[in-house]
Amino acid sequence: MDTWFTAVAIAEMAIAAILVVRLARGPSVGDRIVAVNAMCTQCAIVVVLFSVISGRLVSLDVAIWLASFSYLGALVWARYLERGLK
């Protein structure tokens with residue numbers, strides 16, 4: 005079980021590195037917004053992983069809040085881009 009969690013943690017770090025590159029080099033604002041949203045989702049996944057490893061179910065509430073605010077932030081940015089393009 006520990007090797008599985010280690011493999012997932014390594015994969016999460018690799019995905020985070022790719023997202024940082026996309027955030028820095030994104031050709032458009034939309035690409036950067038998607039990268040930030042994906043990074044927030046990755047953070048929520050890390051919190052869930054920590055919750056499973058530590059056995060604390062309270063941390064799952066933090067992950068739910070983080071994912072919810074990430075979703076709401078994406079909606080706000082999408083609304084901003086929609087109005088800015090008109």
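Throughout the sequence shown, residue numbering follows the numbering used here, covering 5 to 90 in sequence.
Virtual Cβ for every residue (Gly too), placed ideally from N, Cα, C.
Note that this is a predicted model, so its numbers are computed, not measured.
Same chain only: Cβ atoms within 7 Å of residue i, ignoring 5 sequence neighbours per side
i, result
"residue 26", "35, 39"
"residue 81", "37"
Same chain only: Cβ atoms within 6 Å of residue i, ignoring 5 sequence neighbours per side
i, result
"residue 67", "48, 51, 52"
"residue 78", "41"
Beta-carbon contacts of residue i that lie in its chain and below 8 Å, excluding the five residues immediately before and after
i, result
"residue 70", "44, 47, 48, 51"
"residue 57", "9"
"residue 85", "33, 34, 37"
"residue 91", "Lying outside 5 to 90, the shown extent of the chain, residue 91 is not represented and no answer is given."
Pick from the options that is closest to residue i, judged by C-alpha positions
i, options, result
"residue 76", "87, 41, 55", "41"
Supposed contact pair residue j and residue i - C-beta distance, whole angstroms, cut 8 Å
i, j, result
"residue 73", "residue 63", "That pair is no contact at about 16 Å."
Between the stretch 39 to 48 and the stretch 12 to 31, are three or more C-beta pairs nearer than 8 Å? Taking 8 Å as the limit for Cβ pairs, the verdict is that the stretch 12 to 31 does touch the stretch 39 to 48.
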